[in-house]
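Shown next, in structure tokens, is the structure this report addresses.
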Amino acid sequence: MVDREILSECLKTLINNEDTKTARDAIETMLRIHRNILNDEENTHYRKLRINNFNIAKKIWSLYPARQFMLLSGWIEMKNLQDPLIIFNSDERLLDVIEVLVDNRLIAPLEHEWVENTKLEGKSESQLREGELRRKAIAEKEKELAEFQKDKEYRENLAESIKRQIESDKLRRKQVFTGPVVGNKLVKGARIRTLNSSPSPNSRNQRM
């Protein structure tokens, strides 16, 4: 199992070292990456990321705490390739990683990051207001945690069902090989007639 405390420390360091927008973008990008894998587990496209990709390089790989988070989450760095990649192959950690990201995604902008007149983050009018941002983030967090918990329970129930089926199959096979053979019973005193045996004279007379 992945160490959730260490992953949380990586994100806390990220939040402390960077402005809130940079930290939030990094966390949201990592969350989207891992959710894509969860929602489409058979698609290998989501499990391979080019380090030189603009968004990956800018929002994650250039930030040391975010890079450490990815490596600790189970991503393997392939440095010897002409186009360096990171590859994910740790499905058993996936849900824990997503939950840690969801737990740390609610980042309120600091006071100096707000414009007093408009209460918008930075100078961009496209940013959400603080109250709306908090409400949406909390609602999204609660929704995702409920979905992840439901998915966990489904996986556990499925694994238990498969385990019971395997045990049942083993027991059935054991009964087939060790159970009594059911067939016609030989009546006491009866003679076994073979293909080579011929009827006795008495039996021929009786037929005549």
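Residues 2 to 209, numbered by my numbering, are exactly what the sequence shown covers, in order.
We put the beta carbon where it would ideally sit given N, CA and C, even for glycine.
> Where do the ends of the beta strand (DSSP E) carrying LEU86 lie?
Replying inline: 86 to 89
> Going by beta carbon distance, what residues of the same chain come within less than 7 angstroms of ASN18, once the five residues before and after it are set aside?
Replying inline: PRO66
> With DSSP run on the structure shown, which of helix, strand or coil describes ILE77?
Replying inline: strand
>> Using only the alpha-carbon positions, how far apart do ASN53 and THR21 sit?
In response: Going from the Cα of ASN53 to the Cα of THR21 covers about 24 angstroms.
> Name the DSSP beta bridge partners of LYS49, please?
Replying inline: ILE88
> GLU145 to ALA138, Cα distance in whole Å?
Replying inline: 10 angstroms
> Going straight from the alpha carbon of ASP170 to that of PHE55, what length do you get?
Replying inline: 52 angstroms
>> Below 8 angstroms, how does it come out for the stretch 90 to 97 and the stretch 36 to 54: are there three or more Cβ pairs, yes or no?
In response: The stretch 90 to 97 vs the stretch 36 to 54: in contact.
>> 8 angstroms is my cut-off, CB to CB: does GLU10 come that close to chain B?
In response: This model lacks chain B altogether, as it is built from one protein chain only.
>> Using CA atoms only, rank isn't needed, just tell me which of VAL98, ASP104, MET71, ARG51 is closest to GLN83.
In response: Ranked by Cα distance from GLN83, the first of VAL98, ASP104, MET71, ARG51 is ARG51.
>> Please list the terminal residues of the continuous alpha helix (DSSP H) segment that includes LEU25.
In response: The question names Leu, yet the displayed sequence has Arg at residue 25. Counting along the chain, the alpha helix (DSSP H) containing ARG25 begins and ends at 21 to 40.
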